[in-house]
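Keeping their order, the protein sequence lines are chains A and B.
When we follow the UniProt record's numbering, the leftmost residue of the first sequence carries the number 1, and every step to the right adds one.
When we follow the UniProt record's numbering, the leftmost residue of the second sequence carries the number 1, and every step to the right adds one.
Cβ atoms here follow ideal geometry from the backbone N, Cα and C, with glycine treated the same way.
The block underneath contains the structure these notes are about, expressed in structure tokens.
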Amino acid sequence: MDSDDDMHDANDLDSLDDDYYSGDNGMGSDDGDGFEFDNSDDSDDSTSHHHRQQPSYTVLNEDDIRQRQEEVITRISTVLSIPRVSASILLRHYNWDVTKVHDAWFADEERVRKATGLLESSVVSNQNMKEFNCGICFEAYPRDRMYAAACGHYFCSACWTGYVSTSINDGPGCLMLRCPDPSCGAAVGQDLINLLVSEEDKQKYSRYILRSYVEDNKKTKWCPAPGCDFAVDFVAGSSSFDVSCNCSFSFCWNCTEEAHRPVDCVTVAKWILKNCAESENMNWILANSKPCPKCKRPIEKNQGCMHITCTPPCKFEFCWLCLGAWSDHGERTGGFYACNRYETAKQEGLYDEAEKRREMAKNSLERYTHYYERWATNQSSRLKAVADLQQMQSVHIEKLSDKQCQPETQLKFITEAWLQIIECRRVLKWTYAYGYYLPENEHAKRQFFEYLQGEAESGLERLHQCAEKELQTYLNAEGPSEGFNDFKTKLAGLTSVTRNYFENLVRALENGLSDVDSQGACSKTTSSKNLGGVTKRGGRGKGTTSRTTSTGPSRPQEDSPSWHCEHCTFANARANVTCQMCNRSPSAR
Amino acid sequence: MANSNLPRRIIKETQRLLSEPAPGISASPSEENMRYFNVMILGPTQSPYEGGVFKLELFLPEEYPMAAPKVRFLTKIYHPNIDKLGRICLDILKDKWSPALQIRTVLLSIQALLSAPNPDDPLSENIAKHWKANEAEAVETAKEWTNLYASGA
């Protein structure tokens with residue numbers, strides 16, 4: 001599933017300056033969006049943020065995560081009067097949910113202690129012996145060369161080291177390590193572990209604890225961008241799932257795929273699975289593995305019984321046939337070996353889904369290819385635009401500033417244009433997934449959709465053309481060019497118009513093109529006008545406070561320095577008879 | 001095979017297995033490879049395997065005792081937790097392994113598994129099905145197989 005992630009390899013965190021985030025944040029994102037800035041150097045942006053709603057998420061770096069983790073450990077340790085190591089084991093057991101720890105502990109401390117292996121006192125009465133036999137290597141050692149967890153089962157340090165480091169190298173299950181004695185469940189905490197293992201293993205262990213805080217905690221997730229170490233803390237109940245990480249990657253908190261408005265998560269998952277389903281890889285995974293019903297990691301069953309236990313930390317026990325919890329199995333499902341639920345469901349055809357999907361994919365391969373190619377092309381255009389933007393920011397802006405004798409602050413409109421292009425490519429890309437799943441029989445909707453998509457495409461092309469080709473002239477110029485200010489007006493105008501168009505497109509698609517439902521196929525023209533008209537109501541962020549702020553189409557007026565096209569809202573110079581953006585003339589009344 | 005670097009634990013375990021064998025169990029290391037054991041388990045009394053002598057092979061991997069030994073039945077056996085290749089479905093051979101367990105405890109657990117088949121966690125689906133549907137008949141088949149394949153001939 002990493003088909004579209006490569007771009008981030010190019011995105012060195014430091015190379016993208018703050019303007020990237022602040023600029024990006026103003027566009028295309030939902031009202032519920034927010035962002036916590038800890039940088040103070042984007043003062044000119046402050047006005048554009050203050051009216052936004054409360055941030056619905058916080059981006060955390062590793063230090064923030066550690067700090068938060070330390071805080072909850074301290075809280076639990078203080079409230080329950082237990083050592084920090086024990087508090088950490090408890091929290092890990094209850095997925096870092098402080099309330100759950102409190103509830104469970106105060107309801108039945110003994111039960112919690114038993115479940116987590118936090119013994120209060122040693123279970124072996126051997127405190128007076130001077131020498132012990134290690135139960136692993138069978139050698140006798142003096143007491144001071146042996147270690148034990150709270151239970152008092154002593155093993156020699158070499159065997160302990162082997163035991164702990166094997167467990168650490170087996171994965172995050174080491175966070176739930178217990179005493180090696182098979183009859184004992186005493187927890188092995190970080191304090192003991194740190195006495196025993198190599199520096200490398202200590203770091204691995206501490207890494208697993210940090211990861212556990214993010215991965216087991218319901219409120220946090222890692223940013224899915226490759227190589228990105230930020231995590232996102234999300235406030236439940238926010239209206240929008242769109243999250244923009246400090247690494248510049250925007251993703252959907254709900255499904256952790258790349259931000260995909262206007263398409264919903266289910267469609268995106270279908271589309272992505274579909275994209276992979278064509279590849280041999282996915283066919284193999286579909287045929288040979290099933291996702292764990294709890295943690296969704298694919299599991300290959302290469303041997304053994306139908307009773308599957310997922311690898312730690314999930315450890316979910318389920319039935320391979322029906323994917324139901326193993327605890328639900330027994331006589332009433334027809335015995336453990338013949339899962340009736342599976343047999344019944346199979347007869348009802350419930351399990352043919354995967355089969356059917358592959359069959360249909362074959363039949364409609366051609367149709368699919370059409371959408372996929374366009375989806376992928378926009379994806380690569382977007383990646384190219386991201387690279388171009390970086391090039392622009394690192395080299396061209398400075399050059400242009402020299403040539404045209406403009407301060408770099410006056411050239412922000414170029415960065416904004418490129419950010420808009422990147423955003424539009426993203427939206428346009430997803431409209432192809434949208435189109436693929438738009439029912440064939442809804443002709444009016446399809447027609448309208450294709451019209452909107454076509455308009456979006458040509459609008460974006462105009463913007464892209466202007467930001468790429470026309471800019472070249474001024475970059476290659478010997479000295480300050482006369483037309484530069486006009487160019488600035490044009491590019492800024494195009495940026496703003498395209499932004500409006502795409503914002504409205506996103507909204508229209510998210511509403512399921514409901515215009516068509518109410519008005520039938522003939523609504524094409526009115527709707528496209530609406531697209532222009534609604535624009536300003538949702539306006540926010542600094543981009544939309546600028547140029548084309550009229551709420552409706554306006555005719556060229558003698559006293560006005562410019563006129564707004566009624567079709568696309570572009571602000572034209574008074575001298576222009578037809579719109580410079582869409583080439584249409586204002587209608588005569 | 002290189003037996004020179006054999007850990008003391010394996011040597012001690014081997015010595016104890018030979019000097020104080022568990023009842024109904026014998027395990028002796030191969031001459032070429034001290035990590036490879038030829039194992040015999042007598043069918044427990046009052047089980048369908050009574051009177052049978054079951055051959056197994058046991059191998060101690062490089063990581064032993066941090067990793068579980070690998071054990072497999074060589075004698076054909078009709079048992080819901082043992083498949084036709086002789087592989088055994090037993091938790092301590094997988095995720096419940098602990099380095100404080102030993103060859104002896106593993107073999108005793110296998111012996112106990114013969115006394116108490118567990119069709120609720122089957123490895124061989126057909127046998128488990130048979131066991132659940134008609135235990136008496138399945139036990140008969142297990143006895144027949146014991147006579148056929150494990151009569152000690």
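Across the structure, GLN410/A and CYS228/A are spaced so that their CA atoms are roughly 31 Å apart. The residue from ALA112/B, ARG104/B, GLU13/B with its alpha-carbon nearest to that of CYS89/B is ALA112/B. Less than 8 Å separates the beta-carbon of ILE136/A from that of PRO99/B. Annotation: SER19/B to SER28/B spans about 11 Å, alpha carbon to alpha carbon. PRO29/B is bridged by DSSP to PHE37/B. Comparing C-alpha distances from ASN147/B to each of GLU137/B, LEU123/B, GLN102/B, TYR49/B shows the shortest one belongs to TYR49/B.
The beta carbons of CYS184/A and CYS151/A sit closer together than 8 Å.
The alpha-carbon of CYS247/A is positioned some 10 Å away from that of ALA231/A. DSSP, read as helix, strand or coil, puts TYR94/A in coil. With its beta carbon at least 8 Å from every one in chain B, GLY152/A lies outside the interface. The beta carbon of PRO61/B sits closer than 6 Å to those of ALA67, all from its chain and outside the five residues before and after it, given in chain order.
Annotation: Cβ neighbours of ALA100/B in chain A (cutoff 7 Å, chain order): GLY135, ILE136, PRO180, ASP181, PRO182. At least one CB of chain A lies nearer than 8 Å to the CB of MET66/B.
Contact annotation: the stretch 157–176 of chain A does not touch the stretch 96–104 of chain A, with fewer than three C-beta pairs closer than 8 Å. Secondary structure at MET392/A: helix, using DSSP grouped into helix, strand and coil. Short of 8 Å from the beta carbon of MET392/A, and not among the five residues preceding or following it, lie these beta carbons of its own chain, in chain order: ILE414, THR415, TRP418. With a threshold of 8 Å between beta carbons, GLU139/A makes contact with chain B. Among the bridge pairs identified by DSSP, SER244/A is matched with SER250/A. With respect to chain A, the C-beta atom of LYS70/B has no partner C-beta closer than 8 Å.
Look at the stretch 4–17 of chain B: the residues with a C-beta under 7 Å from a C-beta of chain A are ARG8, ARG9, LYS12. Rounded to the nearest whole angstrom, the C-alpha separation of MET176/A and TRP160/A is 15 Å. Taking a C-beta cut-off of 7 Å against chain B, the contacting residues of the stretch 144–170 of chain A are CYS159, GLY162, TYR163, THR166, listed in chain order. Following the DSSP letters along the chain, one finds TRP222/A inside the beta strand (DSSP E) bounded by residues 220–222. CYS174/A is positioned such that its CB atom lies closer than 8 Å to that of TYR208/A.
PRO172/A sits in a helix when the DSSP states are folded into three classes. Runs of the alpha helix (DSSP H) spanning 4 or more residues and lying entirely within the UniProt domain "UBC core" (5–151) of chain B occur at 8–19, 103–115, 125–133, 135–149, in chain order.
If you look at LEU411/A, you'll find it isn't in any alpha helix (DSSP H); DSSP assigns it neither H nor E.
Per DSSP, LEU505/A is one residue of the alpha helix (DSSP H) stretching across 484–510. Using beta-carbon distances, THR74/A does not count as an interface residue toward chain B, since no partner is under 8 Å. Between the stretch 430–445 of chain A and the stretch 398–406 of chain A there are fewer than three C-beta pairs closer than 8 Å, too few to call the two in contact.
LEU463/A carries a helical assignment under DSSP once its states are collapsed to helix, strand and coil. The three-state reading of DSSP puts TYR141/A in strand, counting E and B together. Residues are counted here when their Cβ sits less than 9 Å from a Cβ of chain B; for the stretch 366–390 of chain A the count is zero. Of the other Cβ atoms in all chains shown, 16 or more fall within 10 Å of the Cβ of ARG261/A; this residue is therefore buried. Rounded to whole angstroms, the separation of the alpha carbons of ILE168/A and LYS490/A is 60 Å. The C-alpha of LYS270/A lies about 12 Å from the C-alpha of CYS255/A.
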